[in-house]
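Student: Here our numbering is used: position 155 in the sequence shown is 656, and no number is missing along the way. Don't be surprised by glycine CBs; every beta carbon is placed ideally from N, CA and C.
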Amino acid sequence: MSDILKRLETLSPEKRELILQKLKKQEQSSQNDNRLISVSRQQPLPLSFAQQRLWFIDQLEGENCVYNVPFFLQISGCLEIAALKEAITAIIQRHEVLRSSFSVVDGSPIQVIHDNPQLMMQLIDWRQLMMQLIDWRQLTEADQLKKAQQLAIEELQQPFDLSNPPLLRVKLLQLSNQSYVLLLVIHHIVCDGWSMQIFRRELFALYTAFCAGKPSPLPELSLQYADFAHWQRQWLQGEVLQKQLNYWQKQLAAVPPLLELPTDRPRPSTQTYRGRSEFGALNQNLTQKLKRLSQESGTTLFMTLLTAFALLLSRYSGQEDIVVGSAIANRNLRQIEPLIGFFVNTLALRTNLQGNPTFLELLERVKQVTLDAYDHQDLPFEKLVDELGLERSLSYHPLFQVAFGLQNETQQTLEIPGLTLNPFKWENTTTLFDLSLIVRETFQGLTTEWEYATDLFAATTIQRMVGNFAVLIQGIVDNPQQPINTLPLLTEVERQQLQNWNQTQTDYPLNQTLVDLFEAQVAKNPNNLALLFESQSLTYQQLNQKANQLAHYLIQNHQIQPDTLIGICVERSLEMIIGVLGILKAGAAYVPIDPNYPRERIGFMLQDCGTSVLLTQSFLKDKLALTELKHQVIYLDEDTFSSAFTDNPNLQITPNNLAYIIYTSGSTGRPKGVMIEHQAIVNLALAWAKTFQVQPQSRWLQFGSFSFDLSIGEIATALSAGACLYLAQKETLLPSQALVDLLADDKISHFALPPSALSVLPRAILPDLQAIIVGGEACPAELVTQWGTKRCFFNCYGPTESTVIATIASCEQNGKNPSIGQPLSNIRIYILDANNQPLPPGIPGELCIAGVGLARGYLNRPDLTAEKFMEVELFGKPERI
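1. Three-state secondary structure (DSSP) at Thr930?
2. Rounded to the nearest angstrom, what separates Glu838 and Gln1323 at their Cα positions?
3. On the DSSP bridge list, what partners appear for His615?
4. Secondary structure at Ala1126, three-state DSSP: helix, strand or coil?
5. Under 7 Å Cβ to Cβ from Trp703, same chain only, skipping five residues before and after it: list those, please.
6. Got a sec, what are the start and stop residues for the alpha helix (DSSP H) Met1176 sits in?
7. Does Asp956 get closer than 8 Å to chain D when you measure Cβ to Cβ?
8. Pull up the DSSP beta-bridge partners for Thr1040, would you.
9. In this structure, how does DSSP classify Cys579 when only helix, strand and coil are distinguished?
10. Looking only at C-alpha atoms, which of Glu1380, Asn1028 and Val1016 sits nearest to Val1081?
11. Sorted by chain position, which residues of the same chain lie with C-beta nearer than 8 Å to Asn565's C-beta, five sequence neighbours on each side aside?
12. With distances taken Cα to Cα, identify the nearest neighbour of Asn1318 among Leu861, Cys1297, Thr1301 and Glu821.
13. Figure out for me which residue from Arg701, Ala971 and Trp556 has the closest Cα to the Cα of Ile841.
14. Looking at the unbroken beta strand (DSSP E) that takes in Cys1297, where does it start and where does it end?
15. Any idea if Val940 is buried or exposed, counting beta-carbon neighbours within 10 angstroms, 16 or more meaning buried?
16. DSSP on Arg1264, reduced to helix/strand/coil?
17. Can you find the residues in the same chain that come closer than 6 Å, C-beta to C-beta, to Ala1089, ignoring five residues on each side of it along the sequence?
18. Three-state secondary structure (DSSP) at Asn533?
19. If contacts are defined as beta-carbon pairs under 8 Å, then Leu988 and Phe860 qualify, I think. What distance do you get, rounded to the angstrom?
20. My parser needs the alpha helix (DSSP H) runs of 4 or more residues fully inside the stretch 975-1006; what are they?
21. Assign Asn857 to one of three DSSP states: helix, strand, or coil.
22. In whole angstroms, what is the alpha-carbon distance linking Asn831 and Thr1286?
23. Whose C-beta lies closer than 6 Å to the C-beta of Leu1340 among residues of the same chain, with five residues either side of it excluded?
24. Cutting at 7 Å between CB atoms, please list the residues of its own chain near Val452, excluding the five before and the five after it.
25. Give the straight-line distance between the Cα atoms of Ile1162 and Gly968, rounded to the nearest whole angstrom.
26. Could you tell me the boundaries of the beta strand (DSSP E) in which Ala1310 lies?
27. Cβ of Ile1084 within 7 Å of any heavy atom in the ligand ZN?
28. What are the complete beta strand (DSSP E) segments, minimum 3 residues, inside the stretch 1041-1110?
29. Using the C-alpha atoms, what's the distance from Val994 back to Gln982?
30. Considering only the beta carbon of each residue, do Asp765 and Leu957 sit closer than 8 Å?
31. Does the stretch 592-601 come close enough to the stretch 668-678 that 3 or more CB-CB pairs lie under 8 Å?
32. In the DSSP assignment, the beta strand (DSSP E) including Lys672 goes from what residue to what residue?
33. Please identify the residue among Glu597, Ile635, Gln1118 and Leu548 whose C-alpha is closest to the C-alpha of Val606.
34. Which residues in the same chain as Gly781 place their Cβ atom closer than 6 Å to its Cβ, once the five residues preceding and following it in sequence are excluded?
35. Can you tell which of Gly776, Ala643, Lys647 and Ala588 has its C-alpha closest to the C-alpha of Lys715?
36. What residue from Ala1229, Lys1086, Leu1185 and Ser1199 has the CA that sits closest to Arg1073's CA?
As structure tokens, then:
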């Protein structure tokens, strides 16, 4: 009862009185229905439900150290060692559970209470063996601290045999004549957090009395833990059990089996319970604001912190149904308050974060859930899991994987006659859950301990979570009326880091188009080879003239306006590049169409883009059924426009004009035409040329299908850098020995392809190949190892909507799968949650792209464009993503 009183101390008097009346009636009902009395020790003594679960775990997993409970003290002063040993012995004699072991009778576990529990077969007083004294006075102070911390960990990692009492160990380390460390470890099956406070109080009281030559000042205990275990088994059945169970079955209906926090490592098939702790703090000012918020909202500090923690977990996981485990003392009967034993129960507190409520609205939800859980706290968690029939897994804790607790920190430094006592700190190495947050209220404010499974998380991930929690708390107290999904999460360091990563501003010709870049290379190196296809080739000047002739023909015979769309359906050839450049020089935008597409798809694309002109090749006439089309068809391989002017058309093409439209595959529905402007492809071409070191002497093999945007990246980069673009038949480009021979014979320097194609390409030395660029798929580390030797290896990522790619990673042969890398020049990358809020690094979300490379939108799809291309405010400025 006192534990609940403490939690509810800040409630309104009316609400508190109502809850207390309920608890009082519950206690009276319990006592009337089945009084808690001492039972005979001659009958088999059952385990409590909590003990039974730990016993089964011990049987299943073998001796496990994760349930070891530490009580470590640093002692300064004139310690009376004999009095300390006598005090510990008296506590063990006083509490039967500390003299208990666990056995099996008729297939069921029972607890066995011993008077002389250790080495009973030998005529040795077990009380003399309860505390081992270790003398380290000869060691240096540094060695003493190191060895003491190491021994503390070893003691915690040493399992108990539940069949052999006592289930506690005590070692006293003497560091000097007035300096000691007490290491006491007890198994959780016979104690809990409340019990350790009882042990501490009784130890100090007994030690003080024995030092003064006085008898024990502690009153006799009328009941023992075994009496409670027997009572619990008798009481929790029938109508009492069903009432509790009905609530929890309703409350936990369709509960998610797993909280999927982003982990640094895959979840092991079996929990190892290896863990560590990271620490944080909320200063006194922030603590007072939290308390004030709790009081004003009619809740407790526990509820407010739990709400904030659930919100943090939701933002990290992307889930809106969060279950957190929280321990409750479960000592709502006065008779058991002075007993040592395993009474603590765990409540599964479920928070619904749907609907983007304000924090105060969410707090009200958590308040109701918590109060209802307190009203139904008597059903042991172990019994609840069994009754719910939840599927058990060895890899994670049932029902919840994250825990939360609020503790009042006891006075750090204690004074008893002749002694000063302080907690002895050691490094935590175990954990029961994926993650536990323990908040402690101190005189300086709130401290936080984040206990985590090292099998899942790296220390840096938890340290980031500590910082994000503090930012979230500050945002809550600053504006509790703010919707939860817009509350801040990023620390100032993270905000600056994300902004620094997006400092990609690079000077590029803002007033130029792809046509301008190509014509500049024509003027600079007119006789350099621009295109090569089998035995055919064109210099830059020849290519420019042919493209100019096509452009003039289109201008003279068609009403070309900015953003006019012209379809081009060709096989790989010189005509393919002439057609692209001719369309662009005429001031139009090209729409590439694969001649191998089904007729229905070709017809859809032509109709959707609204073009009246189609450029193709005469040998495709029958295949494409061109006579059925209502478009003017221009055959690039016939002498249609050879008499047109060869000089550059004098047109005002702007960077904001469309350069091309690429249709998506349509695998997720209707194909979409993605509109890309000149400024975007210019930015890409210049960034690629710089990153991949493309020079006039470079030889780039054009690999990408003409209907995919990789092709325009290859074409634009090579021709804007003055390099030679090599074309090949599609059969030659299959990943085979023929492709390897082409790369070797033509001394290709740059080559872009998907990882899946590279993985089946026969290995070759290829000394002239300077850069391999992969993208479109995840790239395994093996490819970097195999192909990255003595050449640059780049991994690229980006959707069609970001103009071929958005990020580039220069890959190292380190055995790790390549990342997607850093944003391209003048591109910005944000990882946002479902509410378009930036997420901390390492937290999964939706990758959103902003900057020069972003497409204009989807052709003839204004609704879809508005849905996918949004303007949001990020870091205080609007961004189109």
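Tutor: Considering the structure as presented:
1. coil
2. 60 Å
3. DSSP lists no partner for His615.
4. coil
5. Before going on, a small fix: residue 703 reads as Glu here, not Trp. Ile592 and Leu719, listed in sequence order.
6. Taken as a continuous stretch (DSSP letters only), Met1176 belongs to no alpha helix (DSSP H), being part of the beta strand (DSSP E) at Gly1174 to Glu1178.
7. No chain D is present in this structure, which holds just one protein chain.
8. Leu1030
9. coil
10. Val1016
11. Ile558, Asp559, Pro660 and Tyr774
12. Cys1297
13. Arg701
14. Cys1293 to Tyr1298
15. buried
16. coil
17. Ile1061, Thr1065 and Ile1067
18. For Asn533, the predicted structure reports a pLDDT of 44, less than 50, and the residue's modelled location is therefore unreliable. The matter cannot be settled from this model.
19. 7 Å
20. 993-1002
21. coil
22. 59 Å
23. Ile1332, Asp1334 and Gly1346
24. With the chain running from 502 to 1382 in the structure shown, residue 452 is simply not present.
25. 45 Å
26. Thr1308 to Ser1311
27. Absence of the ligand ZN is noted for the structure shown, with no ligands found whatsoever.
28. 1066-1070 and 1090-1093
29. 26 Å
30. yes
31. yes
32. Leu669 to Ser677
33. Leu548
34. Thr949 and Val967
35. Ala588
36. Ala1229
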